[in-house]
Every structure is written in C-alpha cells, then in structure tokens.
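**Q** Before I ask anything, here is the structure I am working with.
There are 2 protein chains.
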Amino acid sequence: MKKTAEEAARTRQDLLDAALGVFSRKGYHATRLVDIAAEAEVTRGAIYHHFGNKAGLYRELLDSASMVGSQIVTEAVQQGGTFIDILQRILVMTFARVENDRRLQDIMALYLFNTDLADELTDIREKVRQESITMIDGIAAQMQMGIDTGQLRPGISAHTYARSFIAYQNGVVDLWLGNPQAFSLTKEGAALADAFLRGFAYQID
Amino acid sequence: MKKTAEEAARTRQDLLDAALGVFSRKGYHATRLVDIAAEAEVTRGAIYHHFGNKAGLYRELLDSASMVGSQIVTEAVQQGGTFIDILQRILVMTFARVENDRRLQDIMALYLFNTDLADELTDIREKVRQESITMIDGIAAQMQMGIDTGQLRPGISAHTYARSFIAYQNGVVDLWLGNPQAFSLTKEGAALADAFLRGFAYQID
DNA sequence: TTATACTAACATGCGTGTATGTATGTTGTC
DNA sequence: GACAACATACATACACGCATGTTAGTATAA
Chain A
1 MKKTAEEAAR TRQDLLDAAL GVFSRKGYHA TRLVDIAAEA EVTRGAIYHH
51 FGNKAGLYRE LLDSASMVGS QIVTEAVQQG GTFIDILQRI LVMTFARVEN
101 DRRLQDIMAL YLFNTDLADE LTDIREKVRQ ESITMIDGIA AQMQMGIDTG
151 QLRPGISAHT YARSFIAYQN GVVDLWLGNP QAFSLTKEGA ALADAFLRGF
201 AYQID
Chain B
1001 MKKTAEEAAR TRQDLLDAAL GVFSRKGYHA TRLVDIAAEA EVTRGAIYHH
1051 FGNKAGLYRE LLDSASMVGS QIVTEAVQQG GTFIDILQRI LVMTFARVEN
1101 DRRLQDIMAL YLFNTDLADE LTDIREKVRQ ESITMIDGIA AQMQMGIDTG
1151 QLRPGISAHT YARSFIAYQN GVVDLWLGNP QAFSLTKEGA ALADAFLRGF
1201 AYQID
C-alpha cells in the first residue's frame, strides 16, 4: 500500500488540483471531502494524511494558487510599448488566458467568491485581504510612473488608478465566470480593454 | 401564542431582514437557520412556518431583494444631462449608496458572491443568470442610443459597452466589499467613475 | 525493521426537517 | 355581542442523515 516518495507527491498534487476545481465551483462549505478524494482517485484518508483537515487543504491550496497573476504582468511588460499598451496587453492576456485555462478560472473564482468562509478560516480571509492590499500598492506605484511620465491623465491619484484597473479586470472576469456562454473573453477582450483604457466618452480632437 | 395578522407580517419581514444580513455575510451553506431565527428573535419554527424550508427563505429573499439597482438608474436619468453625465451619475450614486446603505451592501454581496449555492438551488442560479442577461440587454439598448447620438466612441458594440459598464460597477463594489476600510466609495466615487468613463489614456487635444 | 502512505471502519456532532403541542387571534352563528 | 369552532403563529422536541475527524489496520518503500 505504501507508495514511493514521488508517487506520494503526485497524489498530493492531484489532491490539490482536485480541491481547486471543486472548491472554486461549489465554494468551501458545499464541497465534500469525499468529492475531492474521488476526483483524485483516493479516499478521504489521503487528505487527512497530507493536509490534516479540510481547512489545512484549503490553506495549502491558496498558498499554491497565489502568485499566478504576476506572471502575466511581467510577461506583458517584457513586450514593451507605451504604458497604455502594456495595460491593454495585461487585460487582453488575462481575459484570453482565463477563457482558455481552466486552472486559472478556478483560481480567479477562488479569489473572487471567497464568501462562506468558515469561522475557522478568518485567518485565510485576512491573509487574502493583506495580499490584495500589497498588490494594489504595487500597481499604484506603477501607475504613479505613468502619471509622472504624462501617459496617464492627471488629476486622478495613483491608488485610484490602481483600484480602478483591478476592479475592472476582476469585474470582467467575474461577469464572464457567472455566464461563460454569454460572450467570449478572447474575442471581446481587446474591445473591453479598449473601452476601459480609452474611455467611453467621445472626445473630438 | 398566536399573534395578530400584522404582527405575523412583521416577524416575517424581520426574518427576511435577518436572512439578508446573515446570508450575505456567511453565504448560503455557512448560515444556520438558528442564527437567522435568533437575529429575528424567534425560533426556527417561525422560519418553517413562513417559508417552508431554508431554500424557500432564500428564494423569497432574492425576490424581495431584486429590482433595487433599477431605482438608482431611473433617478439618475431624471436629473438629465448628457449621456456620459448620466452614466457618471449612475456610478457615483451607486458607489455612495452602497457605502452608506447596509441593506444595499448585503444585496450586492448576495448577487456578487452567488457561489456555493446548493444543488437544490440551481433554479435560483439560473434565474439570477437570466435576470443579468436581460439587464445587460436593456443597458445595451441604452448604449446603442449613446452610439447613435455620437456620445459614445464608435467601433465598440453596444453589448460590449454594457458589459464593460456593469463589470466595472460590480468590480468596484466587489473590491470595496472585500476591504471596506481600504478606501471610501463616497470620496473616491467621482474619480473612479471619471477614470472609467474618460479613460486612462492621456489624449492631447 | 521502521516509517510511510494510505484504506477501511467507526464515532461523533451538527443541522435540517418534521411532528406535535399550545396559546391566541379570527370567523361564523344565534 | 357572546360564544363556540376553527385557523394561525409560532415553540418544543425528536428523528434522521450526512460530513467531518479519528483510530486501527495493512502493505511496502526506505
């Protein structure tokens, strides 16, 4: 019955993958550990062996799921262009990747729909909150550069720009997750990014 | 033990109010009927008497909570102004009202975080989905007018404008609900709306 | 031979729903 | 308008299932 070390690591990863899918689809409370175990083709015992309990699994999962969005950002920055070009690219790439990457969908869902977190998970909520704050701060620093170089309209604070940006990004993804058949993130992504970054208002030059 | 007819209606409403608060804070699965009953200062028996079961209570709640956003829209339209002015006003009013109205906060949370809805509530999810579709269609019709009258930039479809708009509105509210102390929806509302509607890009006229 | 990676069986608690009880409003009848 | 007959608005207590966590067992890698 005992498996080799790498086999064990594999089932551990399988459990994390399965948990990500089920948690993001059904929420924390509604997911039954037996569903996760079944999807990973083990029994619940494996979960308790690797993660101690349900909350431990969720904890681990969130740690492994973090720092995914940052990869897209660095990739978009590397391709160069103006400040607005980069912001546009971040949105377009995020939208397209969400539509085509099931795993990323699940991670986004996990971050966006973190209600119904049990009392025993308040520390997790707090951690996510802190992470989002530092993320906003980081984006705000970038936005400040955009303001300083005259590529962003003045009169709006860097933090407002930052909040506006990720609010939009999350809002679009959220909307799509709620009804994926309604529209295509890949096809409409560029227009959605354009409408946001260039604004709705028609300014005659 | 039997109360007068209007007393009964009162406890029924108390239960709905209590349910809105608890459901929106903890999610469907995590809320215990005893919590709702306690907050309404009755026992669970009252819930089963008035609503049959937990799902019935949630169902009723969602019906009574619907059609709140439309009120803001009509109010914003009545005040007149250009198309962009009205859109701006809708955002600003929504943001400000969310920050100051606990009930509206709960309703928004209920709509935004509708994950973890039990298998017995798939019909509710479907209903919410349908409502959001017709809402988007309605907004798109308005946006089409904005395009036709040259007040919205051409080259973007009415539906994309509509999705963009409510994605942003929801995104900002979602962001704030996740961390209300981080910023003030009332104070930053105008800037957030402005950044969105006029765009980030600095266009030199 | 020992620690590991689980499986299987069991115990426990908790939350929903239901059945019953009860006090009181409400309605018809004379 | 008084009084029975019934309906209502809950409270209380119980039954039941289900999901978590725990413990014991087993096979095998190290």
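As they're listed, the protein sequences go chains A and B. Position one of the first sequence corresponds to residue 1 (my numbering), numbered consecutively onward. Position one of the second sequence corresponds to residue 1001 (my numbering), numbered consecutively onward. Don't be surprised by glycine CBs; every beta carbon is placed ideally from N, CA and C. No experiment lies behind these values; they were computed from the predicted model shown.
1. When we look at the beta-carbon of Q71(A) and count the other beta-carbons within 10 Å, is it buried (16 or more) or exposed?
2. Which word fits D205(A), buried or exposed, when buried means at least 16 other C-beta atoms lie within 10 angstroms of its C-beta?
3. Does DSSP classify A162(A) as helix, strand or coil?
4. Determine the burial state of N53(A): buried for a count of at least 16 other Cβ atoms within 10 Å of its Cβ, exposed for fewer.
5. Could you work out which residues of chain B lie near A118(A), taking near to mean beta carbons separated by less than 8 Å?
6. When you compare the CB of I1072(B) with every CB in chain A, is at least one pair closer than 8 Å?
7. Beta-carbon separation of F95(A) and G189(A) under 8 Å?
8. Use the C-beta contact count for M1067(B): other C-beta atoms within 10 angstroms, 16 or more gives buried, fewer gives exposed.
9. Using C-beta distances below 6 Å, list every residue in its chain close to R12(A), excluding the 5 sequence neighbours before and after it, in chain order.
10. Taking A8(A) as the reference, give the member of A40(A), K26(A), F23(A), L20(A) with the closest Cα.
11. Any contact of the region 85-93 of chain A with the region 189-200 of chain A, i.e. 3+ C-beta pairs under 8 Å?
12. Could you give the C-beta distance for G171(A) and A1167(B), rounded to a whole number, given that I count them as a contact under 8 Å?
13. Skipping 5 residues on each side, what residues in its chain have a beta carbon closer than 6 Å to that of T1186(B)?
14. I want to verify the contact list: residues of chain A whose CB lies under 7 Å from the CB of S1164(B), in sequence order.
15. For S1184(B), which of R10(A), T160(A), M135(A), Q181(A) has the nearest alpha-carbon?
16. Would you verify that the beta carbon of G1199(B) is, or is not, closer than 8 Å to some beta carbon of chain A?
17. Once the 5 residues before and after L1117(B) are set aside, which same chain residues still bring their CB inside 7 Å of it?
18. Closer than 9 Å, Cβ to Cβ, to anything on chain A: give me those residues from the region 1001-1029 of chain B, in chain order.
19. So the alpha helix (DSSP H) I1156(B) belongs to, where does it begin and stop?
20. What separation, rounded to the nearest whole angstrom, lies between the Cα atoms of R153(A) and L1197(B)?
21. Can you tell me which of the three DSSP states A30(A) falls into?
**A** This is what the structure holds:
1. Flag for Q71(A) reads exposed.
2. Because D205(A) carries a pLDDT of 45, less than 50, the predicted location of this residue cannot be relied on, and the following value inherits that uncertainty. D205(A) is exposed by the Cβ-count criterion.
3. helix
4. exposed
5. A1030
6. no
7. yes
8. exposed
9. In the same chain as R12(A), and ignoring 5 residues on each side of it, the C-beta atoms closer than 6 Å to its own belong to H50, in chain order.
10. A40(A)
11. At 8 Å Cβ cutoff, the stretches touch.
12. 4 Å
13. A1096, E1099
14. L192, A195, F196
15. T160(A)
16. yes
17. Apart from sequence neighbours up to five positions away, the residues of its chain that approach L1117(B) with a beta-carbon distance below 7 Å are Y1028, I1124, R1125, ordered along the chain.
18. S1024, R1025, K1026, G1027, Y1028, H1029
19. Premise fails: I1156(B) is in no alpha helix (DSSP H) and is neither H nor E.
20. Taking the straight line from one Cα to the other gives about 12 Å.
21. coil
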